[in-house]
DNA sequence: CAAAGACGTTAGCCAAGACTTACGGTAAGT
DNA sequence: ACTTACCGTAAGTCTTGGCTAACGTCTTTG
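Protein chains in written order, with my numbering: chain H, 1 to 107; chain S, 1 to 107.
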């Protein structure tokens, strides 16, 4: 279950913010940190976590490092969630009917 | 963005384990804790977090409390992820082509 | 070759949170 | 009514992890 890293990565709000920005436009570390409330090293550390989770990819461009979304990590989470989607809806439906029956028992 | 709680909730391995068990079968707190490496209060605290994240629902059954999967929290995460899915695949395709061009520049 | 720009890494600090133990509260059985 | 079963909560401990400041590395440019 390597999706553990992906969930842990997206659990942090700052990391989700970085991820959302990269989804709009591939960017370098400094560009991301410039208009964010945390320091550049902090962003760099977050990117490291996102990279190890398979959520982003990095490429060298001169002295800069451009980061970009990686669909692999995203796919793992989606697959894990879809595993529960059907049974969740089914359980929800059953619960609604169960509560309805509870009402009919005491008219 | 209420999906923050859902992500934070599923970030913990023990909480994911509880969630997976509930997806297989609605269960009471004691039943869950009996065959898990943590104490019953720990499971109870985890269930509280999952409930506040909209991932589970609880119902009273005598002295027991049966927990069950809730599709609401699941849906929020899925919606958030799907927001990036298309752009992620597009970015990945562009990156592959970019690397191919890089090869052609140095034959 | 030296200086500057852009990053990654380390050390250290501090708050968040995952556990356990102990306690109180409610419902069912005798 | 008393006991038993099941559960949530409070207090306390200890680890995890996010942040900053300082330093080291690599590439480009003059």
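Yeah, the Cβ is synthetic: ideal placement off N, Cα and C, and Gly gets one too. Predicted, not measured: the structure shown is a model, and the values here were computed from it.
Within chain S, the residues placing a beta-carbon under 9 Å from that of residue 78(H) are 78, 81, 82, 85, ordered along the chain. In the three-state reduction of the DSSP assignment, residue 64(S) falls in the strand class.
A distance below 7 Å separates the beta carbons of residue 53(S) and residue 9(S). When DSSP states are grouped into helix, strand and coil, residue 28(H) belongs to the strand group. Counting every other CB atom within 10 Å of its CB across the protein chains shown gives residue 30(H) a total below 16, marking it as exposed. Its Cα nearest to that of residue 82(S), the residue 73(H) stands out among 34(H), 89(H), 73(H). Distance check between residue 6(H) and each of 27(H), 90(H), 43(H), 48(H) places 48(H) closest, using alpha-carbon atoms only. Assignment of residue 86(S) by DSSP, reduced to helix, strand and coil, places it in the helix class.
Residue nearest to residue 64(H) within the set 35(H), 87(H), 28(H) is 28(H) (criterion: CA-CA distance).
Chain-ordered, the chain S residues with CB closer than 7 Å to the CB of residue 71(H) read 88, 89, 92. Counting C-beta pairs closer than 8 Å gives three or more between the region 14-26 of chain H and the region 35-50 of chain H, which meets the contact rule.
Between residue 43(S) and residue 32(S), the gap from beta carbon to beta carbon is short of 7 Å. Of all residues in the region 8-36 of chain S, those with a C-beta nearer than 9 Å to a C-beta of chain H are 8, 9, 10, 11, 12, 13, 16, 19, 20, 22, 23, 24, 26, reading in chain order.
Cβ-Cβ separation between residue 68(H) and residue 91(S): approximately 6 Å, consistent with a contact (criterion under 8 Å).
Closest by C-alpha distance to residue 36(S), out of 51(S), 24(S), 14(S), is 14(S). Contact check for residue 71(S) against residue 88(H) passes: the beta carbons are separated by less than 7 Å.
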